[in-house]
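K.L.:
Heads up: the sequence shown at position 69 corresponds to 143 in this note's numbering, and the numbers run straight through without jumps.
Glycine included, C-beta positions come from ideal geometry on N, C-alpha and C.
Keep in mind that this is a model prediction, so the values were computed, not measured.
Below you'll find the structure I mean.
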Amino acid sequence: VPELPEVELAVRTLREATADRSIVSARALHPAVRRTFAPRHARRVVGRRIARVERRGKHQFLYLDDGSVLHVHFRMSGDWHVTRSSEPLPAHARFVLELDDGARVILVDPRALGVVEWHADGSALPVLGPEATDPALDAAALRSRLAGRRIPIKAALLDQRVIAGVGNIYAAEALWRARIDPRTPSSALDDAALDRLAEAIRETLRIALADPGRYSSGEGTPLDAYDREGEPCRRCGSPIRRIVQSGRSTFYCEACQGEDGPPVTPRTRAGRP
Ligand SMILES: [Zn+2]
75 VPELPEVELA VRTLREATAD RSIVSARALH PAVRRTFAPR HARRVVGRRI ARVERRGKHQ
135 FLYLDDGSVL HVHFRMSGDW HVTRSSEPLP AHARFVLELD DGARVILVDP RALGVVEWHA
195 DGSALPVLGP EATDPALDAA ALRSRLAGRR IPIKAALLDQ RVIAGVGNIY AAEALWRARI
255 DPRTPSSALD DAALDRLAEA IRETLRIALA DPGRYSSGEG TPLDAYDREG EPCRRCGSPI
315 RRIVQSGRST FYCEACQGED GPPVTPRTRA GRP
């Protein structure tokens with residue numbers, strides 16, 4: 075599953091290929107893509123200039139010069155390939171944009187679960203919370219977004235309306251880093267826990283974005299919790315557990331995440347009279 079760093083890399087590729095280019099043709103090559111991007115949508119984008127490309131969470135938005143928007147979400151697989159229009163299409167090509175400089179931008183998506191949608195304007199685009207990497211995402215911001223939410227904190231972190239860009243891997247990693255039990259009801263987290271969580275989310279994604287290959291290279295990944303069932307916790311040595319929450323695997327250390335974990339040193343202690 076492309077996580078935030080992979081999507082960020084893909085967006086950079088897309089942005090570079092499409093900067094100030096106009097669309098010569100747009101084609102959905104797979105029935106699943108045609109469900110949301112029909113020939114009538116293709117006709118609307120032909121001749122339009124791509125004004126800018128933005129990433130919000132794992133969503134990609136191509137803003138066209140008439141105010142319309144192409145919204146792309148890779149979901150389970152997917153990446154952009156850029157070739158010349160004269161070259162043969164690669165396997166698993168699902169959607170193609172031909173540009174006025176002879177370049178071709180191809181959505182290559184083996185699982186064919188990616189989504190391409192055209193919107194006449196920005197009003198119907200998905201509602202997303204603040205970016206996980208936003209420096210303004212602090213304990214107070216988290217508190218207001220989680221207020222009254224009784225769902226487990228792990229599930230809340232995956233809700234893109236709460237925070238945009240946290241996927242299953244980074245939710246596990248951030249909760250481990252913050253020493254929070256993933257089953258804790260969101261609204262039950264106190265200020266100290268929210269402080270640690272805000273910092274952990276930003277730090278986890280900062281590291282991942284700085285080196286996008288780092289968490290997805292399989293052998294020797296520096297993951298602390300995700301996909302480490304039965305392996306020793308790098309903090310306390312207890313085995314990492316796997317449970318299923320909302321149909322997704324959650325990995326955590328029962329010993330040091332949550333109320334029964336080691337006491338947390340208050341950050342404000344030092345310097346007080
Ligand atoms: Zn532990």
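By DSSP, does T278 sit in helix, in strand, or in coil?
P.N.:
Counted from its first residue, the sequence shown places residue 278 at position 204. Helix.
K.L.:
Take the Cβ of G321 as the centre, count every other Cβ of all protein chains shown within 10 Å, and call the residue buried at 16 or more, exposed below.
P.N.:
By one-based count along the sequence shown, residue 321 stands at place 247. Classification of G321: exposed, given that the 10 Å Cβ count is below 16.
K.L.:
For V350 versus V127, is the C-beta spacing smaller than 9 Å?
P.N.:
Because residue 350 is not part of the residues shown, which for the chain are 75 to 347, the question remains open.
K.L.:
From this set, R302, H133, D140, which residue's C-alpha is nearest R122's C-alpha?
P.N.:
Along the sequence shown, read from residue 1 onward, the residue named residue 122 stands at position 48. Nearest in C-alpha terms to R122, of all of R302, H133, D140, is D140.
K.L.:
For P76, which three-state DSSP category applies?
P.N.:
As a working note, residue 76 is residue 2 in the sequence shown. Note: P76 maps to coil in three-state DSSP.
K.L.:
Does the distance between the C-beta of Q331 and the nearest non-hydrogen atom of ligand 1 fall short of 8 Å?
P.N.:
Here residue 331 refers to the residue found at position 257 of the sequence shown. Yes; taking the cut-off as 8 Å, the Cβ of Q331 has a heavy atom of ligand 1 nearer than that.
K.L.:
Quick one: complete beta strand (DSSP E) runs, 3+ long, within the segment 107 to 189?
P.N.:
124 to 130, 133 to 138, 143 to 147, 153 to 158, 167 to 173, 177 to 182
K.L.:
Could you tell me the alpha carbon to alpha carbon distance between R118 and Q331, rounded to whole angstroms?
P.N.:
The residue you call residue 118 lines up with position 44 of the sequence shown. The residue you call residue 331 lines up with position 257 of the sequence shown. Cα-Cα distance, rounded: 52 Å.
K.L.:
Give the single residue among F325, S260, S151 whose Cα lies nearest to the Cα of P76.
P.N.:
As a working mapping, residue 76 is identified with position 2 in the sequence shown. Comparing Cα positions, the closest option is S151.
K.L.:
Quick one, which of L163, A246, D174, P162 has its alpha-carbon nearest A93's?
P.N.:
Here residue 93 refers to the residue found at position 19 when the sequence shown is read from its first residue. Checked all of L163, A246, D174, P162; the closest Cα to A93 is D174.
K.L.:
Going by C-alpha to C-alpha distance, which of S159, Y326, Y300, P164 sits closest to S312?
P.N.:
The count along the sequence shown starts at 1 and reaches residue 312 at position 238. Answer by Cα proximity: Y326.
K.L.:
Would you mind stating whether P259 and Q319 have Cβ atoms separated by less than 9 Å?
P.N.:
What you label residue 259 is simply residue 185 of the sequence shown in a count that begins at 1. What you label residue 319 is simply residue 245 of the sequence shown in a count that begins at 1. Cβ atoms of P259 and Q319: not closer than 9 Å.
K.L.:
Would you kindly work out how many angstroms separate the C-alpha atoms of R280 and V240, rounded to a whole number?
P.N.:
Position 206 of the sequence shown holds residue 280. Position 166 of the sequence shown holds residue 240. R280 and V240 have their C-alpha atoms spaced approximately 12 Å apart.
K.L.:
Classify R219 as helix, strand or coil using the three-state DSSP reduction.
P.N.:
Start at 1 with the first residue of the sequence shown, and residue 219 comes out as number 145. DSSP places R219 in helix when its eight states are reduced to three.
K.L.:
Any heavy atom of ligand 1 closer than 8 Å to the CB of S218?
P.N.:
Position 144 of the sequence shown, counting from 1, holds the residue named residue 218. No, Cβ of S218 sits at least 8 Å from all heavy atoms of ligand 1.
K.L.:
Starting from R101, follow its DSSP beta bridges and name the residues at the other end.
P.N.:
Looking up residue 101 in the sequence shown gives position 27. For R101, which the question treats as bridged, DSSP gives the partners V170.
K.L.:
What are the boundary residues of the beta strand (DSSP E) that includes I317?
P.N.:
Looking up residue 317 in the sequence shown gives position 243. I317 -> beta strand (DSSP E) spans 315 to 319.
K.L.:
For the beta strand (DSSP E) holding R322, just list the boundary residues, first then last.
P.N.:
If you number the sequence shown from 1, residue 322 lands on position 248. Taken as a continuous stretch (DSSP letters only), the beta strand (DSSP E) holding R322 covers 322 to 326.
K.L.:
For the candidate residues R235, E191, T278, whose alpha-carbon lies nearest to that of G131?
P.N.:
The residue labelled residue 131 in the question sits at position 57 within the sequence shown. When only C-alpha atoms are compared, the closest one is R235.
K.L.:
Would you give the residue range spanned by the alpha helix (DSSP H) that L232 belongs to?
P.N.:
Within the sequence shown, the letter at position 158 stands for residue 232. First-last of the alpha helix (DSSP H) with L232: 227 to 232.
K.L.:
Could you tell me if R129 is buried or exposed, where buried requires 16 or more neighbouring beta carbons within 10 angstroms of its beta carbon?
P.N.:
Taking the sequence shown and counting its residues from 1, the one referred to as residue 129 is at position 55. Per the 10 Å Cβ criterion, buried.
K.L.:
Alpha carbon to alpha carbon, how far is F135 from F148?
P.N.:
As a first step, residue 135 must be located in the sequence shown, where it is residue number 61. As a first step, residue 148 must be located in the sequence shown, where it is residue number 74. Roughly 12 Å separates the two Cα atoms.
K.L.:
Is S312 helix, strand or coil by DSSP?
P.N.:
Here residue 312 refers to the residue found at position 238 when the sequence shown is read from its first residue. S312 falls in the coil class under three-state DSSP.
K.L.:
Sorry if obvious, but does the Cβ on R302 come closer than 8 Å to a heavy atom of ligand 1?
P.N.:
Residue mapping note: residue 302 aligns to position 228 of the sequence shown, counting from 1. R302 Cβ: outside cutoff for every heavy atom of ligand 1.
K.L.:
By alpha-carbon positions, which one of D264, L283, R316 ends up nearest to E80?
P.N.:
Here residue 80 is taken as the residue at index 6 of the sequence shown, counted from 1. Closest by alpha carbon: L283.
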